[in-house]
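Working notes, structure below.
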Amino acid sequence: MTETAVTLKKFFETARDGRLTAIKCGRCGNLEIPPKEFCDACGQRDWKPLALSGDGTIASYTIIRVAPTKHAGDAPYAVAVVKLREGVSLFGRIVDIPLDRLAVGMPVRFRPLVIRNETAVGFGPA
Amino acid sequence: MRRVAVIGVGVTKFGKHDRTSAELFAEAARDALIDAELSPSAVQALYYGNVVGSETEKQLHTGPQAASVLGIPTVPTTRFETACASSHAAFRHATMEIAAGVSDIIMVGGAERVLNVPTAESTEYFAYASDASWEQTLGLTFPGVFALVARAHMAKYGTTEEQMAHVAVKNHRHGVLNPKAQFRKEITLDTVMTSPYIADPLKLYDCCPFTDGGAAVILASEEVARRHKRPIWVLGSAAASDYMLLHDKKDLSRVPATERAAAAAYRQAGLEPDDVDVVELHDCFTIAEIVATEGLGLFEPGAGGIAAEKGWTSLGGKIPVNTSGGLKAKGHPIGATGAAQIVEIVTQLRREAGQRQVDGAKVGLTHTLGGNTATVLVSLFGRD
Ligand SMILES: [Zn+2]
């Protein structure tokens, strides 16, 4: 039995300090966002943590105008799926970019967010 | 494996009700029993879909509750939760139980009640179907999920907001012809295009409504079904899943679970997309219909927007889609939706759909999607 390479708690603790960690399969090289127990590409269990640069481009985004109760005070706000330089994608809240300037392909950079005491993924200007 | 047929169907009026989801289900199930000319005591199991009952009605264990209100309290009852695909998942498992020879007659259905809580609250409960740690914390909503799909589809294929609007106009036009639909009013392209953004690029009229309602279908073995006047045969029923998290998906412009479930269902039935005469698919948002028509093989990837624009999916078109009005106009009581789609296809194949009847319909398909495109069910139906 080996330990799970990166737990959810560990990912967000490190993210809070400004660092993103992916997991890379030691057998086939597949890169994933944790936590994952087995590699779905090769079925093996040989993860190694890999530090991500935090640089990427917007793959898709939306501006949430009708928000759930908990987030109603923030609306309108943008969220995006960002394709990181290393090849994995990460979902995050867009910060400090005017909503009308957002575009698919726009370069962005990771920054940690704390929303209602929970660490979350944010992306600001590159 | 034994052949399985649908021998009875029932559905409530969709919209706002002042009854519990158990009562709504019981009304639909009662109508299905009357339709099948069966006594409640003939039912050997209940497979039931209900999703947010624990939030909107503060109610768990909704299966036995629904069975009790219907009047079949002692049959084995199981509640299925695969988000919006719940009662279609229930249907597939009931089909397998009958095919395996374990039971002969099973009631399948679902119900949901959400209009008893404010919109911001139901928006939050629906968002529980996205990931709590990664997505809910950031305020992702259900329209937000499909807005991300829409933006990716637009960037990849040049799909336009106007093409999406055509889906809403068409489904509202169909809904006018369905007495059970929540909205029975035609809308114009302009109505959609000038409605406010909910989650860009999706506007108010790109989104299905919140709905209360129930639906039920009765499944039977071939031996039982042969004694009924107009059995509609289950030709195939398949499920597929995908990564739950949006950021784990490889291509947001597609729904691979739809492609996999469709391939499996076509294989079981020995049919191809061209053989299908009428389709009820999961148009929770207009873009969802466009992507589903591609994933089901009705149109090439990227051609779903054009098909909507050209009217190919309209009644009288190449392949009529959502003759009931779809989730958009008929309404979307999430736990009931999969069963309600089957009700429409059975009605079409029996040639009982009145003004919205597809001439000569022989093969029908239902497609139901759950959550962040992570669950899809596809079933195929045929008549004698
Ligand atoms: Zn691997």
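Chains as they are written, first to last, in my numbering: chain A, 1 to 126; chain B, 1001 to 1384. Note that CB positions come from ideal geometry on N, CA and C, so glycine has one too.
### Query
Taking only runs of the alpha helix (DSSP H) that begin and end inside the stretch 1045-1081 of chain B, which ones reach a length of at least 4 residues, in chain order?
Listed in chain order, the complete alpha helix (DSSP H) runs (minimum 4 residues) inside the stretch 1045-1081 of chain B are 1053-1056, 1062-1070.
### Query
Would you say the beta carbon of A41/A comes nearer than 6 angstroms to a heavy atom of ligand 1?
yes
### Message
I'd like to confirm something about R27/A: is its beta-carbon nearer than 6 angstroms to some heavy atom of ligand 1, or not?
### Response
yes
#### Entry: Assigned exposure category for I1105/B - 16 Cβ within 10 Å defines buried
Its Cβ being crowded by 16 or more others within 10 Å, I1105/B is buried.
### Query
Between the C-alpha atoms of F1142/B and E1223/B, what's the straight-line distance to the nearest angstrom?
F1142/B and E1223/B have their C-alpha atoms some 43 angstroms from each other.
### Query
Within the 7 angstroms Cβ cut-off, does L1138/B reach chain A?
Answer yes: the Cβ-Cβ gap between L1138/B and chain A drops below 7 angstroms somewhere.
### Query
So is the beta-carbon of N30/A under 6 angstroms away from any non-hydrogen atom of ligand 1?
Checking the Cβ of N30/A against ligand 1 gives yes.
### Message
Could you give the first and the last residue of the continuous beta strand (DSSP E) run that contains V972/B?
### Response
Missing from the structure shown is residue 972/B; chain B here goes from 1001 to 1384 and no further.
### Query
Taking just the CA atoms, how far does R1350/B sit from N1050/B?
28 angstroms
#### Entry: Counterpart residues of Y1197/B in DSSP-defined beta bridges
K1203/B
### Query
From which residue to which residue does the beta strand (DSSP E) around L1377/B run?
The continuous beta strand (DSSP E) containing L1377/B extends over residues 1375-1383.
### Query
Around the C-beta of V121/A, are 16 or more other C-beta atoms found within 10 angstroms, so that it is buried, or is it exposed?
buried
### Message
ligand 1 and Q44/A: does any heavy atom of the ligand fall closer than 6 angstroms to the residue's C-beta?
### Response
Yes, the beta carbon of Q44/A sits closer than 6 angstroms to at least one heavy atom of ligand 1.
### Task
Check whether the Cβ atoms of L102/A and H1247/B lie closer than 7 angstroms to each other.
no
### Message
Against chain B, does E118/A count as a neighbour if the rule is that its beta carbon must be under 7 angstroms from one of theirs?
### Response
At a cut-off of 7 angstroms between beta carbons, E118/A contacts chain B.
### Task
Grab the span of the alpha helix (DSSP H) containing G1297/B for me, first residue to last.
Unbroken run through G1297/B: none, as it is neither H nor E.
### Query
Which residue from Y1205/B, G1325/B, E1294/B puts its Cα closest to that of L1177/B?
G1325/B
### Message
Taking the straight line between their C-alpha atoms, what separation do you get for E1112/B and T1077/B?
### Response
17 angstroms
### Assigned secondary structure, I1098/B (DSSP; H/G/I helix, E/B strand, else coil)
Judged by DSSP in its simplified three-state form, I1098/B adopts helix.
### Task
For T14/A, collect the residues of the same chain with a Cβ closer than 7 angstroms to its Cβ; drop the 5 residues on either side in sequence, then sort them by chain order.
These residues qualify, in order along the chain: T21.
### Query
Who does D55/A pair with in a DSSP beta bridge?
R109/A
### Min CB distance F91/A to chain B below 7 angstroms
yes
#### Entry: Nearest neighbour of L1070/B, chosen from S1241/B, I1198/B, E1027/B [CA to CA]
The option with the nearest alpha carbon to L1070/B is E1027/B.
### Task
With DSSP as the reference, label G1371/B as helix, strand or coil.
coil
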